[in-house]
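Input: a single structure, listed below in structure tokens.
Number of protein chains: 2
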Amino acid sequence: MTVTTTDPRTGETSDTGIAETTSEGVAALAAASESAFRTLRRRPRAWRSGLLRALADGLEADRELLVTTALAETGLAEPRLSGELSRSIFQLRLFADAVDDGGYLEAIVDHAGQTPIGPGPDVRRMLVPIGPVAVFGASNFPFAFSVAGGDTASALAAGNTLIVKAHGSHPLTSARSFAALQRAARAHGAPDGTLGIVFGQRAGAALVADPRVRAVGFTGSLATGRILLDIIDGREAPIPFFGELSSLNPLIVTPGAAGARGAEIADGLFLSFTGSGGQLCTKPGIAFVPASADALVDAIVARAQEADAQTLLNDRIHGAFDEIRRRLIEEGRARSLAAPRAGGPGYASTPAVLEIDAASLTPAATEEAFGPLLLIVRYDSLADVVGALSAVPDSLTATIHGEPDEAEQIAELTEAVRDLVGRVVYNGYPTGVRVSWGMHHGGPWPATNTQHTSVGVTAVRRFLRPLAWQDAPEFVLPPELRDGEVDVPRRVDGVLHLARS
Amino acid sequence: MTVTTTDPRTGETSDTGIAETTSEGVAALAAASESAFRTLRRRPRAWRSGLLRALADGLEADRELLVTTALAETGLAEPRLSGELSRSIFQLRLFADAVDDGGYLEAIVDHAGQTPIGPGPDVRRMLVPIGPVAVFGASNFPFAFSVAGGDTASALAAGNTLIVKAHGSHPLTSARSFAALQRAARAHGAPDGTLGIVFGQRAGAALVADPRVRAVGFTGSLATGRILLDIIDGREAPIPFFGELSSLNPLIVTPGAAGARGAEIADGLFLSFTGSGGQLCTKPGIAFVPASADALVDAIVARAQEADAQTLLNDRIHGAFDEIRRRLIEEGRARSLAAPRAGGPGYASTPAVLEIDAASLTPAATEEAFGPLLLIVRYDSLADVVGALSAVPDSLTATIHGEPDEAEQIAELTEAVRDLVGRVVYNGYPTGVRVSWGMHHGGPWPATNTQHTSVGVTAVRRFLRPLAWQDAPEFVLPPELRDGEVDVPRRVDGVLHLARS
């Protein structure tokens, strides 16, 4: 069976000529991946940072082809796609810097010696790669969370091999991204099996079940995440699953902020919940606005009513967006302030705005809806907000808009949201996640299922595990754990030392 | 219903007078724990390191009572119990040092600025406590892996509250350890609800299911671990489960080592697999010995036959030890070299030694057996060892005994075991785990189910999660993330800085 691709601007489907990967194909890729892993993990860090930079250059060389391909498969705008590819390229280079830095290894040396409870052996510990990693691309980021995305950069930076499951919404973009990476990896001398790709849902399931796969990185829906977790539970040896699953991203506007910057916030919030067709995991899907701030709400509604239609990624997202909106209205959970208008032959729609009172907010009204949908919650007091937050699922982010003279309120809101999310944003918007050393993109269930991030340098930690050597002869130790000066920061006998400069 | 305690030296059971915790009792403790958490996490690090040191002093003050109580409940020897209590006390003080050091926070500051892909906001990230933690004590370490153990030290060092599930094999030791900790915590000013304890299996299950509990630390059997994981899967919001579950800990003696140090290795290995009645998760349960090294094997067998009986912890362990041994022999999987002799009225036994050829080793012969049982695998070549290792479940440790002129063999064996374990020991024994900064006590499934350790300072990471603040006003930031010099190491704009000295 071959894989089809659909242009969401028209809804027209065509054959890609790419075959769905058979179960035998998956097994062969996993075997090659395991074999390459044993070769790859002996390579020094400098080789690996070079690989990441070569992959970045390889993507850059194919920029035009990749962006053009993604345009036809996603309906996203050209500047967004080009910017996203730049982000993927930057990410690979940043992770290369992190590999050179070596701090991510968490190297520790405890020399043998007397301790308060007796003599202790020599113990040296650092993080080592975990093995072949399966990476599931997401529909909404054909570059940054797909074949060339953050999970790929993380798994390779850690020293692993990887096999990507191509997302069915952009198979050609996946295949061409993979070709660019594969060509660059081979030219850099990576062993065959370093990179693999599979197509088709059954191949994805087989990949997660394969005993040679040692970890899974996934960005997608809670429902698919649950299916993959069930497959992992059925394995003889369960493996770590890093899922970024669902997020509503509450945004709170204080009375002071609504008064001082209502129009500006209306603009910013509108751009944030409609950007990329509202198909971002950090989209603010719910906004708490003072009952008195009609002007702010009216401005958002006006912009929604005037907006051009945006093409959504696929039939499923387009359908769910509409269905969730209708259900909320029909069940009387929310009032419609701006109804979406369809536009064009494909999966296009204008934004939708709903409204509810804080006292009426229930968990049934807080389902994540991909697409340009915003639920505005009107409140009388910040105590109402704090109470209503219990109806909002834990999320990747929370955002607080407040004024300098509202320090007490901002502190109170921070206390109220900090246990519910992984990132708190002040006077800004949660979309447009910065790829940096300190970014955290994760949160309590159902935002993610682990205590790790999938964006930023610390995402590498997901695909590493600690290994300790006790009283080891020097020749079996990695260079980073030998005595003398080393090129990584490490803790020696309890004291942190910087890398040799 | 009240809890009973059994003296394993006699098998006699008596009533402790302690009531099993009801489901209402568990819920009340969880509510108090959640409430205390909100208070506790505002306390500065210096307060928390003081708490850990106060707990250590509290245990020291009750040393005699605690050791005497544990003697009667575990049958373990007095020096072992006193040493274990010292280890728990040392552990709390070491973790206090780690809290003062602050490196465990992984603080990162990315200032706002221009990046290769556009302007980036100010992002600051560090690890924060996760919430109320449930800790399950293990039978085999009434102090170091129980109420006063490593999970307790880790959860509190991270800034969490905790509720311990007392192990049914030592309820009085648990209650008295808890009393010592509780008294010290109150004197230090910890809020009510900081520490809790529950008794009874149903209470343990209710604890894991309680929505206010945010993580579970568990050391125990694979079977019980699976039951608790099932409870977590049934929660509305699953939580991290850190299980240390099962380990066989292969030990390999090269031909050179057998020739040069056969008698010494026989002594060391005997002490390692019989120490504490062979009831250590790091017990070397399987040893690969050259087919030619009869003298080494004979020496172990002779020691086993001459040994006095040791009391095992409880009826279940005593029964399983005997059953696994019998099954291996009856099913023809291994030959008996030394049969155990019962001793005394309680759960006592002398050591058992079994033998098998490397070519005959199958997964059916490698079930973990708590108790003084050693399976010796005779091999002709190191290639046989490497092949036979595939029948050994992944473990916490592997041990290699080799001579200086066998560098090539030692390197080859290291490559063969490093993917299978979390710690590789050279010319020593895996038991007697050093509590230090770099110790790693974990391994691939079924040794543990995560990429984390339960011994050593990095065990604290299990009960922390990252939180990021974006463009935050200074007054909501923790002191460790504010501009200026701070008392923790942190990475600022990509560059690691040591703490202000």
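Order-wise, the sequence lines are chains G and W. The numbering of the first sequence is the numbering used here, which starts it at 1 and goes up by one. The numbering of the second sequence is the numbering used here, which starts it at 502 and goes up by one. Beta carbons are placed, not taken as given, at the ideal position from N, Cα and C, and that holds for glycine. None of these values were measured; they are calculated from a predicted model.
Asked                                                                                                                                                                 : Found
If you reduce the DSSP assignment to three classes, tell me which class E24/G lands in.                                                                               : helix
What first and last residue would you give for the alpha helix (DSSP H) that runs through H819/W?                                                                     : 816-831
Taking only beta-carbon atoms, is A738/W less than 8 Å away from chain G?                                                                                             : yes
Strictly below 8 Å CB to CB, what residues from chain W border S276/G?                                                                                                : Chain W residues near S276/G: none, gap ~15 Å exceeds 8 Å.
Can you tell me the Cα-Cα spacing of A19/G and R991/W, whole angstroms?                                                                                               : 49 Å
What three-state label does DSSP hand Q971/W in the structure shown?                                                                                                  : strand
Using a cut-off of 9 Å between C-beta atoms, extract the partners of H902/W located in chain G.                                                                       : Chain G residues near H902/W: none, gap ~11 Å exceeds 9 Å.
Name the DSSP beta bridge partners of L874/W, please?                                                                                                                 : A853/W
Report the rounded CA-to-CA distance for G102/G versus S436/G, giving the unit in angstroms.                                                                          : 16 Å
Pop quiz: V26/G and A203/G are said to be a contact at Cβ under 8 Å. What is the actual Cβ separation, rounded to whole angstroms?                                    : 5 Å
Please check the pair V717/W and A635/W, which I expect to be a contact at CB under 8 Å, by giving their CB distance rounded to whole angstroms.                      : 5 Å
Can you list, in chain order, the residues of its chain whose CB lies under 7 Å from that of F591/W, leaving out five sequence neighbours each side?                  : V936
Could you compute how far the alpha carbon of V790/W sits from the alpha carbon of Y927/W?                                                                            : 15 Å
For the region 831-856 of chain W, enumerate the residues whose C-beta is nearer than 8 Å to any C-beta of chain G, in chain order.                                   : none
Given 7 Å as the limit, tell me if A859/W has its C-beta closer than that to any heavy atom belonging to the ligand ADP.                                              : Judged by which ligands are present, the structure shown has none, so any question about the ligand ADP falls away.
When we look at the beta-carbon of F95/G and count the other beta-carbons within 10 Å, is it buried (16 or more) or exposed?                                          : buried
Looking only at C-alpha atoms, which of R341/G, F141/G, Q114/G sits nearest to S174/G?                                                                                : F141/G
By the three-class DSSP mapping on this structure, what secondary structure does E513/W have?                                                                         : strand
Is it a yes or a no for the region 717-726 of chain W touching the region 740-748 of chain W, going by three-plus beta-carbon pairs under 8 Å?                        : yes
Could you work out which residue in R125/G, T22/G, L354/G, N249/G is closest to P466/G when comparing CA atoms only?                                                  : R125/G
Taking the straight line between their C-alpha atoms, what separation do you get for A680/W and D233/G?                                                               : 39 Å
Is M940/W buried or exposed, if buried means 16 or more other CB atoms sit within 10 Å of its CB?                                                                     : buried
What residues in its chain sit with their C-beta under 7 Å from that of Q409/G, if we drop five residues either side in the sequence?                                 : T254, L382, G402
Report back the beta-carbon spacing between L389/G and P250/G to the nearest angstrom; my notes put them in contact at under 8 Å.                                     : 7 Å
I911/W lies in the beta strand (DSSP E); which residues open and close that run?                                                                                      : It is not in any beta strand (DSSP E) - I911/W instead sits in the alpha helix (DSSP H) that spans 908-919.
Strictly by DSSP, which residues pair up with I698/W?                                                                                                                 : V665/W
So V460/G and W469/G are supposed to be a Cβ contact under 8 Å. How far apart are they, rounded?                                                                      : Wrong, their Cβ atoms sit about 21 Å apart, outside the cutoff.
Between D384/G and T932/W, what straight-line distance do the alpha-carbon atoms span, to the nearest angstrom?                                                       : 56 Å
Run through the DSSP bridge pairs and tell me what D611/W is partnered with.                                                                                          : V624/W
Under 8 Å, with one C-beta from each stretch per pair, do the region 276-294 of chain G and the region 363-377 of chain G reach the 3-pair mark?                      : yes
Give the residues from the region 425-452 of chain G that approach chain W closer than 9 Å (Cβ to any Cβ), ordered along the chain.                                   : V425, Y426, N427, G428, P430, G432, R434, V435, S436, W437, G438, M439, H440, H441, G442, G443, P444, W445, P446, N449, T450, Q451, H452
Which two residues bound the contiguous alpha helix (DSSP H) that contains I231/G?                                                                                    : 222-233
Could you compute how far the alpha carbon of V610/W sits from the alpha carbon of L572/W?                                                                            : 51 Å
With a threshold of 6 Å on Cβ separation, who are the neighbours of V993/W within its own chain once the five nearest residues in sequence on each side are excluded? : V610
Could you check if L393/G is buried or exposed, using at least 16 other CB atoms within 10 Å of its CB as the buried criterion?                                       : One detail in the question is off: residue 393/G reads as Pro in this sequence, not Leu. It counts as buried.
In whole angstroms, give me the CA-to-CA distance for R261/G and A299/G.                                                                                              : 12 Å
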